[in-house]
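S.K.: Counted the way this note's numbering counts, the sequence shown spans residues 1 to 367.
Note that CB positions come from ideal geometry on N, CA and C, so glycine has one too.
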Amino acid sequence: MNLIPIFKKVVIGAAEASLDVAGAALLPGAWPILKSALEPVLERLKERLGGEDVTATPERAQEAIAEFEADQHLQEMLRSNLLEQLDALVRGQETINADVQKLMLIVSGDQKLLKELVGGVERIEQRLDEGVNLSDKAVEKLALAVSRQAQNSRQFRAVALREMGPVAQLVERQVSRLQVRAVELVEQGALDRASDELQEGLMLIAVLLNEAPTDFSLRLQLGFIYKTIAQVFDAAGNVEQAKAYINSAEKVFRLVKDDVSNNQKSALDVANAVHGLGNVHHQRGDFGAAIENYKLAASLYPTHIYAWHDMFAAYYELARRGQINLDAMRHALTMLKQTGQGAPGLGAQHIARLEATLRTLEKDGTP
């Protein structure tokens, strides 16, 4: 059954009084179960809506309801939580009172059983408002259905856990590919598609960071996504949004840099943060500062392929402005070819374009 109606009633009631008052008024005999299942969902919505309690005002409650209605994953998160809570009650052979029966009917997805017990989904809300008092046999069937669903959920969770491998390297590869793809789309003029793909990547990083906010790799990838979104807005001529996202990227990279310095992380962790700050300077047009950061990143981690790549790009931007340093460009390109050819975005065609750019500069003295 749809969980949106009960979510609405609780959240709107909580905005008018308090969460416990609203919940106890709605389902007094099952409120502890519903509250325990709701709390992680409300916390997720609180984070999405800027950190303010989603029941602080009626307006905030409506925003939370709209988010919940639009996000099936959140709805299923609530359903999964409820199934676990209800199954624990059934396995503990505790009394299944009328309010718990209501909650079981709401959570159950067994259409055939619902039709048998209350006349189908379309009649559930009417029956819930009128009150539920099922026979012992009906309660037994309902409890069995809930336990079966909970067991299936646990089996799927076990499968998911078995399939989950190391996240850090996977995310780094995917974000690198995503950034390369976004730049290609920008070059093709497909700015909306680039923005959409980056927003999806941002959502993925945000979900993972919510689970593990101490993950340095995820923090770095968040910064790189922000940086690439800034590039897209810059290409679209939206200066304010480009500025906002590059500021967000800078904040992330500085936080990461400070944190890795304080926690004695690896040279690569520090180099990645410094490289990210170089990207911030690069996007702002301060190519000299960008180069200094890229040099530092490469000195900390000599095989940092993207530091060498972006260093070449920054020297090229200076050359376009009359400050040509061919030796530095040759060195950056040589190191790039030695360390990173074939990495996402650095295939043979891309390297060939960089070589052609350098040859043009060597021959003509201008880009």
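What's the C-alpha gap between Val121 and Leu105?
M.R.: Along the sequence shown, read from residue 1 onward, the residue named residue 121 stands at position 121. Along the sequence shown, read from residue 1 onward, the residue named residue 105 stands at position 105. Because Val121 carries a pLDDT of 46, less than 50, the predicted location of this residue cannot be relied on, and the following value inherits that uncertainty. Answer to the nearest angstrom: the Cα atoms are 9 Å apart.
S.K.: Would you check if there are 3 or more beta carbon pairs closer than 8 Å linking the region 227-243 to the region 179-194?
M.R.: Judged by Cβ distances under 8 Å, the region 227-243 makes contact with the region 179-194, as three or more pairs qualify.
S.K.: Taking only runs that begin and end inside the region 250-327, name each unbroken alpha helix (DSSP H) of 4 or more residues, in chain order.
M.R.: Whole alpha helix (DSSP H) segments, 4+ residues: 267-283, 287-300, 305-320.
S.K.: For my contact list, Glu286 and Phe216 are in at a C-beta cut-off of 8 Å; report their separation, rounded to the angstrom.
M.R.: Taking the first residue of the sequence shown as position 1, residue 286 is located at position 286. Taking the first residue of the sequence shown as position 1, residue 216 is located at position 216. Correcting the residue identity first, residue 286 is Asp in this sequence and not Glu. 25 Å between Cβ atoms; not a contact.
S.K.: Would you call the CB atoms of Ser135 and Asp87 closer than 8 Å?
M.R.: As a working mapping, residue 135 is identified with position 135 in the sequence shown. As a working mapping, residue 87 is identified with position 87 in the sequence shown. No. Outside cutoff.
S.K.: Taking the alpha-carbon of Ala244 as reference, which of Phe233, Ala343, Trp308 has the nearest alpha-carbon?
M.R.: To locate residue 244, count along the sequence shown from 1; it is residue 244. Out of Phe233, Ala343, Trp308, Phe233 has the C-alpha closest to the C-alpha of Ala244.
S.K.: Give me the residue from Val175, His282, Arg91 with the minimum Cα distance to Ala145.
M.R.: The count along the sequence shown starts at 1 and reaches residue 145 at position 145. Checked all of Val175, His282, Arg91; the closest Cα to Ala145 is Arg91.
S.K.: Is the number of C-beta pairs between the region 303-320 and the region 349-367 that are closer than 8 Å three or more?
M.R.: In short, these stretches touch, since the Cβ pair count reaches three.
S.K.: Cα separation between Leu255 and Val175?
M.R.: Your numbering for residue 255 matches position 255 in the sequence shown. Your numbering for residue 175 matches position 175 in the sequence shown. Rounded to whole angstroms, Leu255 to Val175 spans 20 Å at the Cα level.
S.K.: Name the residue from Ala160, Arg48, Glu94 whose alpha carbon lies nearest to the alpha carbon of Val139.
M.R.: On the sequence shown, residue 139 is found 139 positions in, with the first residue counted as 1. The option with the nearest alpha carbon to Val139 is Glu94.
S.K.: Report yes if the C-beta distance between Leu27 and Leu103 is below 8 Å; otherwise report no.
M.R.: For the purposes of this step, residue 27 is taken as the residue at position 27 of the sequence shown. For the purposes of this step, residue 103 is taken as the residue at position 103 of the sequence shown. Taking 8 Å as the Cβ cut-off, Leu27 and Leu103 qualify as a contacting pair.
S.K.: From Ile205, Phe7, Ser195, pick the residue whose C-alpha is nearest to that of Asn238; which is it?
M.R.: Start at 1 with the first residue of the sequence shown, and residue 238 comes out as number 238. For Asn238, the nearest C-alpha among the options comes from Ser195.
S.K.: Of the choices Glu362, Leu333, Leu361, Thr360, whose alpha-carbon is the least far from that of Ala348?
M.R.: The count along the sequence shown starts at 1 and reaches residue 348 at position 348. Of the listed residues, the one whose Cα sits closest to Ala348 is Leu333.
S.K.: Just verifying my parser: in three-state terms, what is the DSSP assignment at Val54?
M.R.: Residue 54 sits at position 54 when you count from the first residue of the sequence shown. Looking at Val54 - three-state DSSP - the assignment turns out to be coil, as it is neither helix nor strand.
S.K.: Check whether the Cβ atoms of Leu89 and Val100 sit closer than 8 Å, and answer yes or no.
M.R.: Here residue 89 refers to the residue found at position 89 when the sequence shown is read from its first residue. Here residue 100 refers to the residue found at position 100 when the sequence shown is read from its first residue. It is a contact, given that the beta carbons lie within the stated cut-off.
S.K.: Below 8 Å between beta carbons: does that hold for Leu78 and Leu3?
M.R.: Residue mapping note: residue 78 aligns to position 78 of the sequence shown, counting from 1. Residue mapping note: residue 3 aligns to position 3 of the sequence shown, counting from 1. Yes, the Cβ-Cβ distance between Leu78 and Leu3 is below 8 Å.
S.K.: If you run the structure through DSSP and keep just helix, strand and coil, what is Ser153?
M.R.: Taking the sequence shown and counting its residues from 1, one reaches residue 153 at position 153. In this structure, Ser153 counts as helix in the three-state DSSP scheme.
S.K.: What did DSSP end up calling Gly189 once you bin it into helix, strand or coil?
M.R.: Start at 1 with the first residue of the sequence shown, and residue 189 comes out as number 189. It is coil, neither helix nor strand.
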